[in-house]
Amino acid sequence: MVGYSSSMPGWLEAMLGEKFFNPCMIHETSKKNEKNIFCLDCCSSFCPQCLPPHRSHRLLQVRRYVYHDVVRVDDLEKLIDCSSVQSYTTNSAKVVFLNERPPSRPFRGSGNACLSCYRPLQDPYFFCSLSCKVKELLRSEGGLWKELRECESLPLSCELDEGQLTPDSILESASATSSASSGGGAAAATPVAAGSEAASRRKKRTGAGSGSGRRGGDRAALPEMASRRKKGVPVRAPLF
8 MVGYSSSMPG
18 WLEAMLGEKF
28 FNPCMIHETS
38 KKNEKNIFCL
48 DCCSSFCPQC
58 LPPHRSHRLL
68 QVRRYVYHDV
78 VRVDDLEKLI
88 DCSSVQSYTT
98 NSAKVVFLNE
108 RPPSRPFRGS
118 GNACLSCYRP
128 LQDPYFFCSL
138 SCKVKELLRS
148 EGGLWKELRE
158 CESLPLSCEL
168 DEGQLTPDSI
178 LESASATSSA
188 SSGGGAAAAT
198 PVAAGSEAAS
208 RRKKRTGAGS
218 GSGRRGGDRA
228 ALPEMASRRK
238 KGVPVRAPLF
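Every position in the sequence shown, counted from 1, becomes a number in the numbering used here once 7 is added.
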């Protein structure tokens, strides 16, 4: 894989180079066929339908957060130190990004930034993703292996039921859902409430024509006033 060397553990290089959430070719007709489970012993990803033969292996569940692959910190900490990687909270769990993301804005040299890709970060983190940390550690002799941890058993942290298979942790989707639900609530209002709201609106419009909205009324009256205006100066008849 570009950017990595053969000194990496096989499972780590395979996981960082894997394309998750692609449909499983073996279970094309299944509803839940996204490949979101990674087996460290087989160095491959698969869907939940492929899980039974791998039950005794070390497994990681990959999730989606703002359209990118993430893994829970509690799971990944059993394999490698993640304390210097910026974490985020989703579904009441801390997660870290697996791969580097494009910078959200140009870094201008002020504040904290990723040591590898220079993406703006919060203090006291040094890396924005696991991939960035691995790249930086590979530049120092023995740096990566000092961060690795022995892990003989790594079962899935939760059962892969329908609600937890692909958690809805995308912020944009959450915002769209909340907006849609608020719109639905307005549409489902009772006739009495709808009538009261319409009456309130009419009252506001009526008030807008007087008081603070007086200028609007003056503009509406301008054409009528112009039509009534006298065109010339009256001339008195001569006295005899």
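Backbone N, C-alpha and C define an ideal beta-carbon position, used for all residues, glycine too.
Through-space distance from residue j to residue i, alpha-carbon basis
i, j, result
"L58", "G118", "44 Å"
"Q68", "A21", "14 Å"
"E35", "F28", "13 Å"
"I87", "P16", "11 Å"
"H64", "D81", "18 Å"
"P30", "D76", "15 Å"
"L145", "Y74", "27 Å"
"L161", "L66", "6 Å"
"L155", "E148", "14 Å"
"F133", "L23", "19 Å"
"C89", "L19", "14 Å"
"K85", "S94", "16 Å"
"K140", "P60", "32 Å"
"L83", "K38", "28 Å"
"C54", "N40", "5 Å"
"S138", "G150", "14 Å"
"F104", "C158", "21 Å"
"Q56", "T96", "28 Å"
Range of the contiguous beta strand (DSSP E) that encloses residue i
i, result
"C31", "First-last for C31: undefined, no H or E at that position."
"C46", "I44 to C46"
"K101", "A100 to F104"
"T36", "No beta strand (DSSP E) contains T36, which DSSP labels as neither H nor E."
"Y95", "Y95 to T97"
"S52", "S51 to F53"
According to DSSP, residues forming a beta bridge with residue i
i, result
"R71", "D76"
"E25", "DSSP, once it has assigned bridges, lists no residue as partnering E25."
"L19", "DSSP lists no partner for L19."
"N119", "L128"
"E157", "DSSP output for E157 lists no bridge partner at all."
Residue burial classification, residue i (beta-carbon count within 10 angstroms, cutoff 16)
i, result
"S136", "buried"
"K153", "exposed"
"K26", "exposed"
"T197", "Note that T197 scores 39 on pLDDT, short of 50, meaning its location in the model is unreliable and no value can be drawn from it."
"P131", "exposed"
"Q129", "exposed"
"S52", "buried"
"R79", "buried"
"R70", "buried"
Opening and closing residue of the alpha helix (DSSP H) in which residue i lies
i, result
"S138", "L137 to L145"
"K153", "G150 to E154"
- Message: For the pair the stretch 90-110 and the stretch 123-139, tell me if three or more CB-CB distances fall below 8 Å.
- Response: Under the three-pair Cβ rule at 8 Å, the stretch 90-110 counts as touching the stretch 123-139.
- Query: Using 8 Å as the Cβ pair cut-off and three pairs as the minimum, do the stretch 30-49 and the stretch 92-103 touch?
  - Reply: no
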